[in-house]
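Heads up, the thing below is written out as structure tokens.
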Amino acid sequence: MATILVTGGTGRLGRHVVPLLRTAGHQVRVLTRHTTDGESGVDYRLGDIARDEGVAAAVEGAEIVVHCAASTKFAENRAMVRNLVERASVAQVRHLIGVSVVGADRVPVRSRIDRMTSGYFALMVEVERMIAQAGIPWTTLRATQFFDACLLVVRMMVKLPVIPVASGYRFQPIDAAEVAERLAVLAAGPPVGPAGEVAGPRVYTMKELVRGYLEATHRRRLTLPLRIPGGAARAIRGGAILAPGQAGGRRTWEEFLAETLAAAEAGRSHAL
Ligand SMILES: NC(=O)c1ccc[n+]([C@@H]2O[C@H](COP(=O)([O-])OP(=O)(O)OC[C@H]3O[C@@H](n4cnc5c(N)ncnc54)[C@H](OP(=O)(O)O)[C@@H]3O)[C@@H](O)[C@H]2O)c1
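According to my numbering, the sequence shown holds residues 16 to 287 in order.
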């Protein structure tokens with residue numbers, strides 16, 4: 016059994032990875048910026064990876080690092096990977112595991128408009144490269160959009176009286192818990208470099224994702240198709256961020272919504 020540091024162990028993905036690794040018998044550390052009660056038996060360390068605070072101490076003695084921390088600010092994501100690989104290299108970490116997005120290198124981000132609409136894909140390519148070139152044995156898994164990330168976006172959109180939906184955009188979202196299962200298996204194995212893609216069981220248009228949410232919450236809204244310009248958007252309309260051959264996920268968007276809604280009604284999570 017190994018000592019494993021999970022960055023972002025309090026986040027959408029990481030919080031599912033932590034208990035899986037614990038159950039598998041590993042010593043699990045989580046690096047977080049906040050004091051937390053967290054899970055029993057997990058060693059929480061305070062630090063800020065983007066600021067390089069507490070990172071050296073958190074990686075010291077860790078054999079494996081699963082990097083699930085993420086920021087909405089691109090520069091912070093770069094800084095996090097830069098600091099983490101530097102500290103992990105000094106600490107002689109034997110396996111660094113990263114998470115990227117399906118289609119990262121299939122969405123061309125060339126123009127200003129591409130960067131505005133789809134810069135995240137270029138960022139992920141950059142992050143993948145930084146991990147691969149760090150000189151640490153590595154594994155990177157690409158996943159599609161997590162249900163809870165989709166929910167966050169859809170909830171913001173339905174605040175508008177008319178909801179703009181990117182026409183032709185299709186997604187194959189997945190439950191973060193299922194991505195975590197794959198990561199836990201990868202963490203238990205040897206570094207494999209690119210570990211392929213993991214995707215949800217069904218493909219949805221953006222309008223279908225929005226409609227599913229509206230139906231689950233008994234709301235009514237008009238949607239307005241919006242043609243997103245640029246080569247990146249064209250690639251997304253062409254299916255660049257889908258992985259139909261890798262549809263390993265079991266839970267559907269509808270099931271996720273129904274269960275999340277039921278949990279909200281039972282007072283176990285935020286209201287939808
Ligand atoms: N979300 C998606 O749909 C999606 C899809 C495909 C791939 N991915 C990839 O999967 C990974 C995880 O995504 P996610 O959505 O689970 O991320 P997330 O929930 O947005 O990540 C938040 C986590 O990152 C930690 N964090 C943020 N800034 C930090 C800092 N400066 N220092 C230390 N910790 C910091 C937070 O910890 P504290 O707040 O506790 O400090 C929190 O645990 C990312 O690499 C992402 O690119 C995500």
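Note that beta-carbon positions come from the ideal geometry of N, C-alpha and C, so glycine has one too.
Owing to the predicted nature of the structure, the values given are computational and were not obtained by experimental measurement.
Quick check: does the Cβ of T132 come within less than 6 Å of any heavy atom belonging to ligand 1?
no
In the DSSP output, what is P176 paired with across the bridge?
In DSSP, P176 forms no bridge with anything.
Nearest candidate by alpha-carbon position, reference H41, set G253, A17, P34, D58
A17
In the DSSP output, what is W153 paired with across the bridge?
L111
Assigned exposure category for S55 - 16 Cβ within 10 Å defines buried
exposed
Classify Q148: buried if its beta carbon has 16 or more other beta carbons within 10 angstroms, exposed otherwise.
exposed
Under the criterion of a Cβ to heavy atom distance below 6 Å, does H41 qualify as lining ligand 1?
no
Buried or exposed for S115, going by 16 or more other Cβ atoms inside 10 Å?
buried
Should V74 be listed as close to ligand 1, given that the test is whether its C-beta is under 6 Å from any heavy atom?
no
Taking only heavy atoms of ligand 3 into account, decide whether any of them is closer than 6 Å to the Cβ of T50.
Within the structure as shown, ligand 3 is missing, the only ligands being ligand 1.
Taking C-beta to C-beta, are V43 and L36 nearer than 7 Å?
yes
Taking the straight line between their C-alpha atoms, what separation do you get for V180 and N98?
37 Å
Cβ-based burial, Q160 [other Cβ within 10 Å; buried from 16]:
buried
Please determine whether the Cβ atom of D63 lies at a distance below 6 Å from any heavy atom of ligand 1.
yes
Kindly identify the DSSP beta-bridge partner or partners of E193.
DSSP lists no partner for E193.
Return the CA-CA distance between G325 and T22, expressed in angstroms with no decimal places.
Because the chain is modelled from 16 through 287, residue 325 falls outside the range shown and cannot be assessed.
Flag this pair as yes or no: are the beta carbons of L20 and A77 separated by less than 7 Å?
yes
When you compare only the Cα positions, how much space is there between E274 and A191?
14 Å
Can you tell me the Cα-Cα spacing of E270 and L241, whole angstroms?
27 Å
For R27, which residues of its own chain have a beta-carbon under 8 Å away from its beta-carbon, when the five flanking residues on both sides are left out?
F161, D163, A164, A191
Following the continuous beta strand (DSSP E) through L239, name the residue where it begins and the one where it ends.
237-241
Burial state of G215 (16 or more Cβ within 10 Å):
buried
Terminal residues of the continuous alpha helix (DSSP H) containing I79?
I79 -> not in any alpha helix (DSSP H); beta strand (DSSP E) instead, spanning 79-82.
Could you spell out where the beta strand (DSSP E) holding T267 opens and where it closes?
From DSSP, T267 is part of no beta strand (DSSP E); its letter is neither H nor E.
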